[in-house]
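Only one structure is covered here, and it is reproduced in the block below.
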Amino acid sequence: MKTTLSHLWILLCLLLLVTPSAIAIDAIDMPFGPGERLVFELRWGVIPAGEAVLEVLPIEEMNGEPAYHFVMTARTNSFVDVFYKVRDRIDSYTDTDLTHTLFYKKKQREGSTKRNITVQFDWEKKLVQYTKNNRSKDPVPVLPGAFDPLAVFYYSRLIELKSQAEIERPVTDGGKCVIGRAKVIRREKIRVPAGEYDTYLLEPELKHIKGVFEKSNDATIQLWITADNRRMPVKIKSKVVVGSFVGELVKVDQNAHLP
1 MKTTLSHLWI LLCLLLLVTP SAIAIDAIDM PFGPGERLVF ELRWGVIPAG EAVLEVLPIE
61 EMNGEPAYHF VMTARTNSFV DVFYKVRDRI DSYTDTDLTH TLFYKKKQRE GSTKRNITVQ
121 FDWEKKLVQY TKNNRSKDPV PVLPGAFDPL AVFYYSRLIE LKSQAEIERP VTDGGKCVIG
181 RAKVIRREKI RVPAGEYDTY LLEPELKHIK GVFEKSNDAT IQLWITADNR RMPVKIKSKV
241 VVGSFVGELV KVDQNAHLP
């Protein structure tokens with residue numbers, strides 16, 4: 001249970017370690033903005049496990065420049081708390097043109113595990129530095145235009161998806177910088193608690209995702225993104241050796257920015 005739940009929380013951040021580099025971005029109509037709040041119900045098999053929330057907070061200043069502030073929080077429900085309590089928060093800051101990450105931090109509270117992680121980006125030197133619980137590692141090189149695992153998801157929403165497209169983008173968690181890849185499988189309609197949506201199904205490459213995914217020969221991750229201008233995630237599904245995880249959209253904040 002502990003291993004499966006831990007990986008359920010990181011799915012929302014790791015599923016899109018990819019974004020199209022060969023498709024033009026529409027820089028005029030932003031598909032999201034401050035005030036957007038997406039709530040997901042998370043399940044392990046048929047067992048309700050908790051919820052995850054994706055939010056766009058008001059524009060802030062970071063390193064002397066205006067920045068987007070994205071947040072993901074995840075928490076187990078009262079039933080799962082008895083076995084393995086999770087209270088996680090991830091904060092990501094990017095420039096307002098969404099060309100690269102400025103700063104990334106994660107507060108991880110999972111069972112007896114407590115981690116406070118920050119990733120500092122030095123774009124002049126093209127380096128990132130990872131710090132965990134006040135202990136810093138040596139800086140590592142970062143590729144131009146790299147995003148952290150949360151920011152890359154929001155960047156991907158600027159892209160017009162097409163069936164069978166092969167997509168990629170540099171991503172870093174501070175430990176190393178990799179090229180994440182995925183494929184747009186098909187377009188299909190699905191129903192989730194928040195309603196019925198016309199979506200694109202994406203399947204990310206898994207070779208850079210460690211843990212339980214490494215131990216599953218037939219592991220898969222699938223992500224459904226709406227085919228409209230908002231390009232919202234509405235469903236996440238994964239299959240690994242220890243079972244299946246599902247995250248489904250249950251609520252969209254009515255005060256959210258619309259294109």
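Numbering-wise, the sequence shown is residues 1 to 259 according to this note's numbering.
Using N, Cα and C, we set each Cβ at its ideal position, and we do this for glycine too.
Predicted model, so just to flag it, every value in this text is computed and none were measured.
Query, Result
"Q108: buried (16+ other C-beta within 10 angstroms of its C-beta) or exposed?", "buried"
"Going by CA-CA distance only, name the one from Y68, E160, R43 and M62 that's closest to N77.", "R43"
"Any chance you could list the beta strand (DSSP E) runs of at least 3 consecutive residues sitting entirely within the stretch 76–112, in chain order?", "87–95 and 101–110"
"Between F32 and the ligand MN, is the CB less than 7 Å from at least one heavy atom?", "Ligands displayed in this structure: none; no statement on the ligand MN is therefore possible."
"Would you mind working out which of V119, D122, T96 and L143 sits nearest Y155, comparing C-alpha positions?", "T96"
"Starting from V152, follow the alpha helix (DSSP H) in both directions and report where the run begins and ends.", "A151 to S156"
"Going by DSSP, what residue range makes up the beta strand (DSSP E) through F40?", "R37 to W44"
"Within the same chain, show all residues whose beta-carbon is closer than 6 Å to that of E60, passing over the 5 residues directly before and after it, in chain order.", "A67 and H69"
"Are there 16 or more other CB atoms within 10 angstroms of the CB of K106, so buried, or fewer, so exposed?", "buried"
"If we count the other Cβ atoms within 10 Å of its Cβ and call it buried at 16 or more, is E36 buried or exposed?", "buried"
"Between the C-alpha atoms of N133 and C177, what's the straight-line distance to the nearest angstrom?", "21 Å"
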